[in-house]
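In this note's numbering, the protein residues as written are -13 to 217. We treat Cβ as the ideally placed atom computed from N, Cα and C, and that holds for glycine. One structure is given below, encoded as structure tokens.
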């Protein structure tokens, strides 16, 4: 298995070099909207039949992009250089939505990318209209996806200031493997602020015990301590 992957990546590198030399400058071999610095790599992986790996690499880039603070964020009072992901709530991240859409171009079934980007746009960055654009793009590729539909409705409630509506619509999505920790953290906070402390504590405990993201685990531990629920 490992040898096969190494061989595939080596072939990918060779394909990269070949494409750089032979690809017409104005054409995209996949007919997809890809970033200039990763189009060749993605095309190579796609050509090798490694669609999901290409999508995974796209997600890594998206997470790195959103996990890196914008220059103006470095000067905010709440910025924590040790855990920049906890300082979200501002900024614009103009490429976030289009990066998620490019991932869906590669792999239309990759729901996590659309859910993560739309959740960040709507609930962290206060850009609900762009979040709805991402979800509309995703729904064209997977019209029966109930999570997309729930996010669309929840964002509508969020725009109206109806937190109960947001909670009611997104709570069933919390058990899905595609539910980002970011959304779980946001939901736990909303449960806490609306007086649903038992649900908040359960969700923070789940984040603490299962999340691979250290920043969110630290938040969960702090919130559980505040709620008096640490063992």
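DSSP three-state label for residue i, please.
i: residue 56; result: coil
i: residue 148; result: coil
i: residue 49; result: helix
i: residue 109; result: helix
i: residue 212; result: helix
i: residue 182; result: coil
i: residue 93; result: coil
i: residue 128; result: coil
i: residue 80; result: coil
i: residue 164; result: coil
i: residue 197; result: coil
Roughly how many whole angstroms lie between the Cα atoms of residue i and residue j?
i: residue 118; j: residue 175; result: 22 Å
i: residue 39; j: residue 86; result: 15 Å
i: residue 56; j: residue 77; result: 7 Å
i: residue 159; j: residue 96; result: 16 Å
i: residue 49; j: residue 79; result: 11 Å
i: residue 168; j: residue 53; result: 12 Å
i: residue 213; j: residue 171; result: 15 Å
i: residue 111; j: residue 163; result: 23 Å
i: residue 143; j: residue 109; result: 11 Å
i: residue 211; j: residue 161; result: 24 Å
i: residue 251; j: residue 201; result: In the structure as shown, the chain starts at -13 and stops at 217, and residue 251 therefore has no counterpart that could be examined.
i: residue 51; j: residue 81; result: 9 Å
Go through its chain and collect everything with a Cβ distance to residue i's Cβ below 8 Å, but skip five positions before and after it.
i: residue 153; result: 173, 176, 177, 180 and 182
i: residue 41; result: 89, 92, 93, 96 and 99
Please work out which residues of its chain come closer than 6 Å, Cβ to Cβ, to residue i, disregarding the five sequence neighbours upstream and downstream, and give them in chain order.
i: residue 215; result: 187
i: residue 155; result: 136, 139 and 140
i: residue 116; result: 83 and 107
i: residue 209; result: 190
i: residue 185; result: 177
i: residue 197; result: 167 and 203
i: residue 199; result: 167
i: residue 125; result: 134
i: residue 145; result: 114
How about residue i and residue j: do their beta carbons lie closer than 7 Å?
i: residue 113; j: residue 121; result: no
i: residue 166; j: residue 102; result: yes
i: residue 45; j: residue 99; result: yes
Could you name the residues of the same chain whose beta carbon sits closer than 7 Å to that of residue i, not counting the 5 residues immediately before and after it, in chain order?
i: residue 104; result: 117, 120, 121 and 137
i: residue 37; result: 92 and 93
(message) Contact between the region 184 to 204 and the region 127 to 143 is defined here as three or more beta-carbon pairs at a separation below 8 Å; is this criterion met?
(response) no
(request) Take every Cβ of the region 143 to 150, pair it with every Cβ of the region 89 to 102, and state whether three or more of those distances are shorter than 8 Å. (result) no
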